[in-house]
Ligand code: MG
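Residue numbers (the working numbering): 27 to 307.
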C-alpha cells in the first residue's frame, strides 16, 4: 500500500494511493495513523471516497515529524570515501561503527515544493537521496532478527545539506537543519510491499543528469542492525524517521564540487516508492 498526506479542498487528509486515485482514510494525520493502525489493519479500514491524484496537492507523507529525524552519516562505502577525500577532518569514521546525527524538521518539504537556497548563508548547497525507515511501534531493546516487526514503511528523503555550515561548526546539525532541508515523499510504501531488509535501487538527478545510483542492499550498517543498536537504551516511538544514509555522487564528491543554485531541479528516486522532485529557489 502507498500512503500519502495531501491537501484536498483546503483540508489536510491522509489516504491510500491506488491506480492514480487517492482513497481517503479516517485518520486526522499520518502520525495518528501510524500510531493507531498496523499495516495489516489498514487493509480492513473502510475506505471513504476517492479522488483523482491530480485533484490533490501532495504534502510530505509526515509533514510535521514529532521528533528530529535520525540520520546515518557515511553509510555507503563509496560515499564515505568521497567525503573523506573532500575533508578528512570533518568526515572520518571507523568502517564498522555507525555515525548517527539528527536533523531538526519544523516542516518536511512537500514533493514539488521549492527549497530555499539560503543565499548569503549557504555557499555549498548539496543533495543526498536516502531511504527513510518509518518505525511503526515503540521499539526498545529489539533484536536484529525481530526488527522487521517494528518497521511501518519506507519513504524517500533528501538530506539537503549546507556543506559550509556542516563542516564549520564541528557538528553537522545546523548545516542539515535549515528551513526546507528535509524534502520527503511522495508516499510511504508500507513494509509488506517489499523484502526485508529492502534491496531497492536508489538514484538522484540534478537537472536530469544522473548523479547518484546505488542499491539499499549496500548499506554498511543494515536496517536490522540500526534498529537493534538504536533501540538499546533509547525507545524509538511510532512515527520515528530514520534516514539510512546516501551513496556516492553528491556535489562535494566532484572535483571541483558541483553545488546547487537557484533554478536547479533535484530528483530523488527509490524503486517502488517513486520520485521526489523539488526545485531550488
Ligand atoms: Mg545524509
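We put the CB at the ideal spot given by N, CA and C, even for glycine.
Note that the coordinates shown come from a computational prediction; the quantities given were computed from them, not determined experimentally.
Please report the residue range of the alpha helix (DSSP H) in which residue i lies.
i: residue 312; result: The structure shown does not extend to residue 312, since the chain spans only 27 to 307, so no value can be given for it.
i: residue 199; result: 199 to 202
i: residue 58; result: 56 to 62
i: residue 67; result: 65 to 68
Taking Cβ to Cβ, would you say residue i is nearer than 7 angstroms to residue j?
i: residue 177; j: residue 238; result: no
i: residue 282; j: residue 291; result: no
i: residue 134; j: residue 188; result: no
i: residue 245; j: residue 272; result: no
i: residue 82; j: residue 32; result: yes
i: residue 267; j: residue 48; result: no
i: residue 53; j: residue 65; result: no
i: residue 114; j: residue 168; result: no
i: residue 214; j: residue 29; result: yes
i: residue 279; j: residue 67; result: no
i: residue 126; j: residue 157; result: no
i: residue 212; j: residue 79; result: no
i: residue 105; j: residue 274; result: yes
i: residue 26; j: residue 110; result: The question about residue 26 has no answer, for the chain in this structure spans 27 to 307.
i: residue 140; j: residue 307; result: yes
i: residue 228; j: residue 247; result: no
i: residue 184; j: residue 153; result: yes
i: residue 223; j: residue 249; result: yes
i: residue 91; j: residue 163; result: no
i: residue 147; j: residue 286; result: no
i: residue 182; j: residue 299; result: yes
i: residue 262; j: residue 161; result: yes
i: residue 129; j: residue 203; result: yes
i: residue 257; j: residue 165; result: yes
i: residue 27; j: residue 42; result: yes
i: residue 236; j: residue 297; result: no
What are the start and end residues of the beta strand (DSSP E) that includes residue i?
i: residue 193; result: Counting along the chain, residue 193 falls outside any beta strand (DSSP E), though it belongs to the alpha helix (DSSP H) covering 189 to 194.
i: residue 225; result: It is not in any beta strand (DSSP E) - residue 225 carries neither H nor E in the DSSP assignment.
i: residue 38; result: 37 to 44
i: residue 169; result: Careful: residue 169 lies outside any beta strand (DSSP E) and carries neither H nor E.
i: residue 207; result: Looking at the DSSP string, residue 207 is not in any beta strand (DSSP E), and its letter there is neither H nor E.
i: residue 301; result: 300 to 305
i: residue 146; result: Taken as a continuous stretch (DSSP letters only), residue 146 belongs to no beta strand (DSSP E), as it is neither H nor E.
i: residue 155; result: 155 to 161
i: residue 28; result: 28 to 34
i: residue 293; result: 291 to 296
i: residue 184; result: 177 to 184
i: residue 47; result: 47 to 50
Looking at chain D, is there any beta carbon in it that lies within less than 7 angstroms of the beta carbon of residue i?
i: residue 284; result: Looking for chain D here will not work: only one protein chain is present.
Closer than 6 angstroms: is that where the CB of residue i sits relative to any heavy atom of the ligand ATP?
i: residue 152; result: This structure lacks the ligand ATP; its bound ligands are the ligand MG.
* To do: Identify every run of the beta strand (DSSP E) within the segment 78 to 129, keeping only runs that are complete inside it and at least 3 residues long; order them along the chain.
  => 95 to 99, 125 to 129
* Asked: Among all residues, which have a Cβ less than 5 angstroms from at least one non-hydrogen atom of the ligand MG, and in what chain order do they fall?
  -> 154, 185, 272
* Asked: What are the complete alpha helix (DSSP H) segments, minimum 4 residues, inside the segment 234 to 280?
  -> 249 to 256
* Can we say the segment 205 to 212 touches the segment 190 to 197, given the rule of at least three CB pairs closer than 8 angstroms? -> no
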